[in-house]
Amino acid sequence: MRVITGTARGRKLLTPEGLDTRPTTDKVKEAVCSALQFDFPGANVLDLFAGSGQMGIEALSRGARRATFIDADNRALSCIRQNVKACGFADIAAVLKSDAVSFLQRTGERFDIAFLDPPYRHDILPQILPILAEKMQKNGIIVCEHEPECKLSQRILNFDLQKQKKYGKIMISVFRNPEEETE
């Protein structure tokens, strides 16, 4: 697994050992990041259930101003810290141990782009998405990776489900605020 493009292009990324982390495939990462390429510069990014941190690192490599990586697993956190350092992003990244709900409930930060790739088959997204939507900038973008069987609402607070695409056993759902897109 490598950083696809940007300032850290080609850097090899570590992944946590074991079956608890399911890294996003390069095909999915490329599709998501290509779709967001013009949204990354200057963005404050949140990588929830960060795993290896590859989505947040890809955003930083493409010009994001800052990224916050959240994971509850110590192996994942160690991996993220090593990856962030190896890519030269330690000064613009925060790597925090927390469960997603606790972090969202206590943070006062607002995010431009959020990536969520929670454990499959736990129905976490319906609980987390409304809390996350409150922490997003008005023009924010929420990108969820989930199993196709997970059915999400068409609207989460001010964010509409803008796009869904299936990649084999992976579904990507993108939420945006439609009022902000037209302005």
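For any residue, its number in the numbering used here is found by taking its place in the sequence shown, counting from 1, and adding 155.
Where is the CB? At the ideal position from N, CA and C, for every residue including glycine.
On a predicted model such as this, the values are computed, not experimentally measured, just so you know.
Exposure of residue i, with buried meaning 16 or more beta-carbon neighbours within 10 Å
| i | result |
| --- | --- |
| F244 | buried |
| H277 | exposed |
| D246 | exposed |
| P171 | buried |
| F195 | buried |
| R265 | exposed |
| Q209 | buried |
| A288 | buried |
| S216 | buried |
| K207 | In the sequence as presented, Lys is not what sits at residue 207; that position holds Ser. Counting Cβ neighbours within 10 Å, S207 comes out buried, since at least 16 surround it. |
| L174 | Low confidence applies here, because L174 scores a pLDDT of 46, under 50, leaving its location unreliable and the question unanswered by this model. |
Simplified DSSP assignment, three categories, for residue i
| i | result |
| --- | --- |
| N229 | helix |
| F195 | coil |
| G295 | strand |
| K240 | helix |
| D246 | helix |
| L174 | Any reading at L174 is ruled out, since the residue's pLDDT is 46, under 50, leaving its predicted position unreliable. |
| F266 | strand |
| F224 | strand |
| K252 | strand |
| K341 | The displayed coordinates of the chain run from 156 to 338. Any statement about residue 341 would go beyond what the structure contains. |
| V187 | helix |
| E300 | strand |
| L271 | strand |
| Q317 | strand |
| T337 | Because the pLDDT at T337 is just 48, under 50, the model does not fix this residue reliably, and the value given afterwards should be weighed accordingly. Note: T337 maps to coil in three-state DSSP. |
| L307 | coil |
Residue j beta carbon less than 8 Å from that of residue i
| i | j | result |
| --- | --- | --- |
| A205 | D181 | no |
| N332 | N313 | yes |
| A219 | A241 | no |
| L259 | I296 | no |
| N229 | I212 | no |
| V183 | L168 | no |
| F270 | D202 | yes |
| I268 | A231 | no |
Proximity to residue i [Cα-Cα], best of the options
| i | options | result |
| --- | --- | --- |
| P281 | V239, F224 and I311 | I311 |
| G263 | T223, K321 and E334 | T223 |
| G161 | V183, F193, T179 and C234 | F193 |
| S308 | A248, F270 and F330 | F330 |
| R221 | I268, V200 and L232 | V200 |
| T179 | Q317, K306, L284 and Y275 | Y275 |
| I283 | C305, R236, V256 and K306 | V256 |
| C234 | K320, M156, Q319 and K321 | M156 |
8 Å Cβ cutoff, residue i in contact with chain B
| i | result |
| --- | --- |
| I268 | The structure shown contains no chain B, having only a single protein chain. |
Mind the definition here: the region 296 to 307 touches the region 317 to 326 only if three or more C-beta pairs lie below 8 Å; say whether that holds. Judged by Cβ distances under 8 Å, the region 296 to 307 makes contact with the region 317 to 326, as three or more pairs qualify.
Cβ contact (3+ pairs, closer than 8 Å) linking the region 182 to 194 and the region 247 to 260: Segments in contact, no.
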